[in-house]
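>
In my numbering, the protein residues as written are -8 to 86.
1. By how many angstroms is the C-alpha of residue 63 removed from the C-alpha of residue 35?
2. Around the Cβ of residue 56, are there at least 16 other Cβ atoms within 10 angstroms (buried) or fewer (exposed)?
3. For residue 62, which three-state DSSP category applies?
4. Could you tell me whether the stretch 16 to 25 touches the stretch 37 to 45, where touching means 3 or more Cβ pairs closer than 8 angstroms?
5. Taking DSSP as the reference, what is the three-state secondary structure of residue 83?
6. Rounded to a whole number of angstroms, what is the C-alpha to C-alpha distance between residue 29 and residue 0?
7. Check each candidate in 25, 7 and 32 and name the one with the smallest Cα separation from residue 45.
Put into structure tokens, the structure is as follows:
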């Protein structure tokens, strides 16, 4: 289970996420929706460890990942478009 608990993130001195919480159970599929600039990508980057949390915590199977270095978290991001090769499958793009 993934739990995002009251996470706050600021970028360039501007708050982007303020007390954001989310819980995703094993096997559950979730879509993060919102207008441009609402913090969707920042939320995903926070889970992956690519941005520093100002407050809150992120738990994976009940354990905080906040102190775990990005490269040891076991999370990855695959963004739509830009860096993907259209002639390759999703699996080939990730590999």
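C-beta atoms are modelled at their ideal positions from N, C-alpha and C, and glycine is treated no differently.
Reading it off the structure:
1. In the chain shown, counting from the first residue as 1, residue 35 sits at position 44. In the chain shown, counting from the first residue as 1, residue 63 sits at position 72. Each residue's Cα considered, the two are about 16 angstroms apart.
2. As a working mapping, residue 56 is identified with position 65 in the chain shown. Buried.
3. Stepping through the chain shown from its first residue, residue 62 is reached at position 71. Reduced to three states, the DSSP call for residue 62 is helix.
4. Too few Cβ pairs lie closer than 8 angstroms, so no.
5. Numbered from its first residue, the chain shown carries residue 83 at position 92. Assignment of residue 83 by DSSP, reduced to helix, strand and coil, places it in the helix class.
6. Here residue 29 is taken as the residue at index 38 of the chain shown, counted from 1. Here residue 0 is taken as the residue at index 9 of the chain shown, counted from 1. Computed Cα separation, rounded: 12 angstroms.
7. In the chain shown, the residue the question calls residue 45 occupies position 54. It is 7.
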